[in-house]
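Mind the numbering: the sequence shown is residues 187 to 637 in our numbering, read in order.
Notes for the one structure printed next.
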Amino acid sequence: MNKTLLSKLLQATTGHMVDYLNGLKTRPVFPSQDQISALEGFDFDLPLGTTEPAEVMDLLHQLGSPGTVATAGGRYFGFVIGSTLPAALAAHCLAGAWDQCAGLQVLSPVGEKLESVAGQWLKELLRLPNESGVGFVTGATMGNFTGLATARHALLKQEGWNVEAQGLFGAPEIKVIVGEQVHVSVLKALSLLGLGSKRVVRLPVDDQGRIRADTFEVDDGPTIVCLQAGNVDTGAIDPLDQIIPIAKEKGAWVHIDGAFGLWAAASSKFNHLVEGARLADSWSVDLHKWLNVPYDNGVVICRYPELLKAAMSVNAAYLPDGTPGPYQFTPGLSRRARGVEAYAALYSLGKSGVTHLIEECCRHANTMSKILQEAGYEVLNDVVLNQVLVDFGERTDEIIQAIQQDGTCWASGTKWQGKSAMRISVSSWATTDEDVQKSLEAMIRVAREIS
Ligand SMILES: *Cc1c(COP(=O)(O)O)cnc(C)c1O
């Protein structure tokens with residue numbers, strides 16, 4: 187493609203992007219049924235001949251942009267979903283032009299460098315051991331998978347068993363301990379690793395979903411203890427500082443699923459909640475949630491880089507032993523340069539910006555909790571971080587649906603201790619006081635109309 191056409195194409199695309207992002211302030215958070223139906227416009231027989239890229243982009247913008255959920259805006263509170271910081275978005279676009287395969291250093295010196303620096307910065311912000319290895323993965327599910335694969339490797343190695351070579355048939359048993367409120371992604375990782383999702387010991391939890399430290403005990407023998415920082419409903423964090431020393435004393439491997447909750451470490455107001463986290467052996471943290479970088483992005487961090495490497499090792503004639511690169515720390519080989527966005531986000535925010543991002547989200551969550559209670563609705567959790575569970579009474583499910591349809595904001599539903607609840611998660615840098623006010627007005631108006 188000649189230079190002028192390419193430049194026109196990319197400028198037009200930038201125009202679409204700016205147009206889209208500016209529109210987020212005024213559009214409903216969820217697309218209308220008509221906009222969803224219009225997506226049928228994408229579905230035609232693959233043309234025989236070529237189409238101008240600009241025309242392709244026009245269709246993507248005209249039909250695609252309205253068919254998005256406005257998770258990039260400030261009034262999306264569903265699940266635990268971050269937006270994208272401007273620097274991270276711009277870096278994402280540049281990285282698209284680079285088109286790096288960041289698995290190997292010889293394939294992408296810059297990809298390797300940015301992951302290594304961003305990894306270092308992340309360890310510092312999350313207050314995790316400096317000597318740890320970091321692998322950039324697709325998200326906390328793969329972070330959990332990779333951390334637990336390393337646990338499996340390390341514990342069986344101690345028993346004289348090479349699990350990568352010999353598999354699990356006939357291997358010494360590994361006991362796995364989780365909390366009753368363990369995230370499904372940990373169970374999925376355990377099932378993928380042959381450790382089984384049902385043969386785990388599930389410890390009882392308190393009314394916030396935290397493992398009760400008084401019920402925690404561990405025997406000798408290969409054991410993995412999976413703890414959680416950030417319950418998806420309540421935001422609560424397991425009593426890490428009480429449990430981890432006991433587990434370590436018995437030689438267990440401690441893995442923390444810290445998808446969003448470990449970010450509490452970045453604020454001196456909240457870091458007491460994750461006290462003791464640094465004593466664990468491996469951690470999984472999302473970047474696409476609270477760091478507000480584009481999907482998909484997360485890290486596994488492991489105290490022992492050599493064990494992480496050994497668990498992820500490959501043998502191929504074209505990859506002589508020790509060929510350096512990010513692939514040594516992750517399940518995948520070829521992949522995009524994930525560290526680019528993390529680097530850009532962290533550099534642009536600085537330490538104080540990261541702290542501010544975390545604290546603002548928590549402040550907004552607190553405001554929402556307070557105003558909803560003043561309006562007469564019950565908040566079911568202790569709002570310790572960015573999560574709020576609201577009980578609107580008997581017609582909660584109906585009210586959640588109506589709030590979603592109203593379009594001012596969007597929050598999802600859950601069941602908490604047998605009760606239906608609306609689950610508000612404030613995870614976006616883009617959420618302003620005005621967004622919070624508007625959303626509260628909508629929630630309360632809709633709830634009153636229905637009850
Ligand atoms: C979101 C989340 C996960 C899964 O993360 P993905 O990025 O969706 O893979 C795991 N654990 C917790 C606690 C989460 O909140």
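Glycine included, C-beta positions come from ideal geometry on N, C-alpha and C.
query	result
Extent of the continuous beta strand (DSSP E) run through His441	Trp439 to Asp443
Backbone CA spacing between Gly305 and Val486 [nearest angstrom]	10 Å
Own chain residues within Cβ distance below 6 Å of Asp467, not counting five before or after	Trp439, Val440 and Arg489
Neighbour-count burial assignment, Glu317, 16 or more Cβ in a 10 Å radius	exposed
Segment limits, alpha helix (DSSP H) that includes Trp161	Here the chain comprises residues numbered 187 to 637, so residue 161 is not present and cannot be evaluated.
C-alpha distance - Asp231 paired with Leu245, whole-angstrom precision	15 Å
Candidates Leu341, Leu300, Leu342 and Ala240, of which the one nearest Phe322 by Cα	Leu300
DSSP-derived helix/strand/coil call for Arg251	The sequence given here places Ser at residue 251; Arg does not occur at that position. Three-state DSSP puts Ser251 in a helix.
Burial state of Val292, where buried means 16 or more other Cβ atoms lie within 10 Å	exposed
Ligand 1 heavy atom lying under 8 Å from the CB of Phe515	no
Touching by the beta-carbon criterion (3+ pairs, under 8 Å), the stretch 403-415 and the stretch 424-444	yes
Endpoints, alpha helix (DSSP H) assigned at Ile630	Asp619 to Ile636
Opening and closing residue of the beta strand (DSSP E) in which Gly599 lies	Ser598 to Trp602
9 Å Cβ cutoff met for Glu546 and Thr617	yes
Among Asn483, Gly562, Val479 and Ala451, nearest to Ala313 - alpha-carbon criterion	The sequence shown places Arg at residue 313, rather than the Ala named in the question. The candidate whose alpha carbon is nearest that of Arg313 is Ala451.
heavy atom of ligand 1 below 8 Å from Gly209 C-beta	no
Contact under 9 Å by Cβ, Gly382 with Ile429	no
Proximity test, Lys475 beta-carbon vs ligand 1 heavy atom, cut-off 8 Å	yes
Cβ contact (3+ pairs, closer than 8 Å) linking the stretch 562-570 and the stretch 415-428	yes
CB contact flag (Gly484, Leu448, <9 Å)	no
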